[in-house]
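Heads up: the structure comes next, in structure tokens.
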Amino acid sequence: MHALLQALLVHRLLVHGFTNRDLRTLIAPLLGKTAEDITAGQMTYDLRRLRAHGLIERVPRTRRYTVTDTGLQHALLFTHAHDHLLRTGLAQVTDPSPPRTSKLRNATRAYQTTFDELTQQAQLAA
């Protein structure tokens, strides 16, 4: 999903929109694949979902799509959240020897402890 939203940000700059093939070519390297690894059917499925949510719209009488204002706002929000919050947050939580404790690390530890206690109460294996 992250690669798809990043691709929308790039295609927002194209005046004439983009095609299924254009999107596949751009997304493949973001996923560590080649364009041939992603089928037209897989991309059509993603395009259909993006259209259903109002993130892209079809250019009339063509096989091209453009990114809507809503699509741009969603893509910016989610890619920014992923790049600036998720990555740094996960780094804080998974660092085996952090320089100092953080609120996120403490919250994660408390969540895990509570979850383990609930699992024990329910007599489930963790």
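Count along the sequence shown from 1, then add 516; that gives the number in the working numbering. Ideal placement from N, C-alpha and C gives every residue a C-beta, glycine not left out. Predicted model, so just to flag it, every value in this text is computed and none were measured.
Counting the other Cβ atoms within 10 Å of the Cβ of residue 587 gives 16 or more, which makes it buried. Residue state for residue 543 is assigned as helix, using DSSP reduced to three classes.
In the three-state reduction of the DSSP assignment, residue 574 falls in the strand class, which pools E and B. Bounds of the beta strand (DSSP E) holding residue 582 are 581-583. Residue 595 holds the alpha-carbon nearest to the alpha-carbon of residue 526 among 595, 569, 625. For the set 634, 541, 520, the Cα lying nearest the Cα of residue 553 is the one of 541.
In the DSSP annotation of this structure, the continuous segment of the alpha helix (DSSP H) that includes residue 619 starts and ends at 619-637.
With respect to the C-alpha of residue 558, the residue from 531, 520, 611 having the closest C-alpha is 520. For residue 604, the uninterrupted alpha helix (DSSP H) run begins and ends at 603-610, by DSSP.
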